[in-house]
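Chemist: Below are the structure tokens for one structure; questions will follow.
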Amino acid sequence: MIKRILGDVPTWAKRENPLLRYELTRRMDDSISIGRIILWVIGLSILIFGGYIFATEGLQRGFQLPYTLDIWRMIIFPLFFVQLVMRVAGLSLGVGAVSDERQRQTWDNLRATERGATIGVRSRWVSVFYRLKGLVLTTLLARLVLIGAILYELTSMQGDYLNLLTARALPSVSVEVGIILLSAFMTAFIIMPFTATGVDIAIGLLISTGVRNRAISALIQMLVILVRVVTSVGLFWFSWQLLNDNLTLDPNSALALIGSSAILADWGIILSQLSQAGQLWSQVPFLVYAGAFMLVWAILQVAVTSGILKLAIRTAEVRE
Numbered sequence: 000m001i002k003r004i005l006g007d008v009p010t011w012a013k014r015e016n017p018l019l020r021y022e023l024t025r026r027m028d029d030s031i032s033i034g035r036i037i038l039w040v041i042g043l044s045i046l047i048f049g050g051y052i053f054a055t056e057g058l059q060r061g062f063q064l065p066y067t068l069d070i071w072r073m074i075i076f077p078l079f080f081v082q083l084v085m086r087v088a089g090l091s092l093g094v095g096a097v098s099d100e101r102q103r104q105t106w107d108n109l110r111a112t113e114r115g116a117t118i119g120v121r122s123r124w125v126s127v128f129y130r131l132k133g134l135v136l137t138t139l140l141a142r143l144v145l146i147g148a149i150l151y152e153l154t155s156m157q158g159d160y161l162n163l164l165t166a167r168a169l170p171s172v173s174v175e176v177g178i179i180l181l182s183a184f185m186t187a188f189i190i191m192p193f194t195a196t197g198v199d200i201a202i203g204l205l206i207s208t209g210v211r212n213r214a215i216s217a218l219i220q221m222l223v224i225l226v227r228v229v230t231s232v233g234l235f236w237f238s239w240q241l242l243n244d245n246l247t248l249d250p251n252s253a254l255a256l257i258g259s260s261a262i263l264a265d266w267g268i269i270l271s272q273l274s275q276a277g278q279l280w281s282q283v284p285f286l287v288y289a290g291a292f293m294l295v296w297a298i299l300q301v302a303v304t305s306g307i308l309k310l311a312i313r314t315a316e317v318r319e
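Spelled out as structure tokens, the structure:
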């Protein structure tokens, strides 16, 4: 999956890498467990049904034309929940990746080999993505559905819908600039699950390589998870209240709230319904540029992940 998305990948990220193959094989029984698959299907079905109940106002009505708003309302909360689980799981699995090797007393032997720490840390980073493939694919599929809804909405008003929205934006932009900004948003909307989760996994690996005491490592892990959950839920909830006119903020505060939510909490879900986004564009100055900012942030997350992994490798190499 990673190769299909990113093209050719480094040797340590390929299945031919013995360490990566070992990690995947060692956990194969868990990953294909029928029980886990059944539980995942049941859980996902419950989330989708819950979203449908919300979208239809407690089953009081069916979906209404043009359907895109109701599809967004059905997906938004289940998708946010899945993303939150993915972030927490990525961090936790990252912390556990090296700790498990230490417990089996194999980490020091690996670290002592040539480039052992480098290959070991990076292989475990990739292996966590493989272990999260169910969550990643679910998130990606839901986001592709929302992208499809955006593209469908663009056909409204004989193709002039985007022109109307960008003309009402603060500040107004030309339709050509609007197309570029919307394209940047859709690109960031697709890749942010990978870049943000990559940062979380790298942080977990840094904790694991830098803290040998399992109790202290677990405490740091819980603190980071707590901050992640509180921040994500808080930003998303206040953004939702602002969108539904249940919260009044000055323009600068509203921009800070929606922007922070887009890059730190929901990865752009609030802005992924075109009519709702257009409404916010007309109320919050400069929010029309959020897509470009999200794309820059996603690129920065790649650099941050690389830096954290290098720090984790250096920590693994120098610690006794």
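Residue numbers 0 to 319, in numbering that gives the first Met the number 0, belong to the letters of the sequence shown in order.
Even glycine gets a Cβ: it sits at the ideal position worked out from N, Cα and C.
In this text the structure is predicted, and so the values were computed from the model without any measurement.
Taking the continuous alpha helix (DSSP H) assigned at GLY267, which residues delimit it?
Modeler: Taken as a continuous stretch (DSSP letters only), GLY267 belongs to no alpha helix (DSSP H), as it is neither H nor E.
Chemist: Of all the options MET191, ILE47, THR55, which has the alpha carbon lying nearest to the alpha carbon of ALA291?
Modeler: Ranking the options by Cα distance to ALA291, first place goes to MET191.
Chemist: Quick one: residues in its chain with C-beta nearer than 7 Å to the C-beta of GLY258, no 5 flanking neighbours on either side, listed in chain order?
Modeler: Here the set comprises ALA289, PHE292.
Chemist: Using a Cβ-Cβ cutoff of less than 7 Å, which residues in the same chain neighbour SER91 once the five nearest sequence positions on both sides are dropped?
Modeler: Same-chain partners within the cutoff: GLY203, GLN220.
Chemist: Just the C-alpha distance for SER30 and PHE128, rounded to the nearest angstrom, thanks.
Modeler: Reliability fails at SER30, whose pLDDT of 47 lies under 50, so the model's placement of it is uncertain and no value is given.
Chemist: Would the region 162 to 173 count as touching the region 276 to 290 if we require 3 or more Cβ pairs under 8 Å?
Modeler: With the cut-off at 8 Å, the region 162 to 173 and the region 276 to 290 touch.
Chemist: Could you check the C-alpha separation between PHE76 and VAL125 for me, to the nearest Å?
Modeler: When rounded, the distance between both Cα atoms is 28 Å.
Chemist: How many whole angstroms separate the CB atoms of GLY89 and ILE200, which I take to be in contact at a CB cut-off of 8 Å?
Modeler: The pair is a contact, with the Cβ atoms about 5 Å apart (cut-off 8 Å).
Chemist: Please classify THR320: is it buried, with 16 or more other beta-carbons within 10 angstroms of its beta-carbon, or exposed?
Modeler: Because residue 320 is not part of the residues shown, which for the chain are 0 to 319, the question remains open.
Chemist: Please look up how many angstroms separate the CB atoms of ARG227 and ARG86, rounded, as I've assumed it's under 8 Å.
Modeler: The pair is a contact, with the Cβ atoms about 6 Å apart (cut-off 8 Å).
Chemist: Quick one: residues in its chain with C-beta nearer than 8 Å to the C-beta of MET27, no 5 flanking neighbours on either side, listed in chain order?
Modeler: Legend: pLDDT at MET27 = 48, less than 50; position of this residue unreliable, no value from coordinates given.
Chemist: Can you give the Cα-Cα distance for GLN272 and ARG123, rounded to whole angstroms?
Modeler: If I take the Cα positions, the gap works out to 36 Å.
Chemist: With H, G and I counted as helix, E and B as strand and the rest as coil, what does DSSP make of ASN162?
Modeler: Reduced to three states, the DSSP call for ASN162 is helix.
Chemist: For PRO170, which residues from the same chain have a beta carbon less than 6 Å from its beta carbon, with the 5 sequence-adjacent residues on both sides left out?
Modeler: No residues qualify anywhere along the chain.
Chemist: With a 10 Å radius around its C-beta and 16 neighbouring C-beta atoms as the bar for buried, classify SER182 as buried or exposed.
Modeler: SER182 comes out exposed.
Chemist: Are the CB atoms of TRP71 and LEU139 within a distance shorter than 8 Å?
Modeler: The answer is no: Cβ separation not under 8 Å.
Chemist: Nearest to ILE262 by CA position, among GLY177, LEU310, THR194, SER216, is which residue?
Modeler: Cα-wise, what sits closest to ILE262 is THR194.
Chemist: Can you tell me whether DSSP reads ALA54 as helix, strand or coil?
Modeler: Of the three classes helix, strand and coil, the one that applies to ALA54 here is helix, per DSSP.
Chemist: Within its chain, find whatever has a CB closer than 6 Å to the CB of ASP265; leave out the 5 residues flanking it on each side and keep chain order.
Modeler: Closer than 6 Å at the Cβ level, and outside the excluded window around ASP265, lie PHE79, PHE235.
Chemist: Can you check whether the CB of GLY133 is closer than 8 Å to the CB of THR304?
Modeler: Contact: no.
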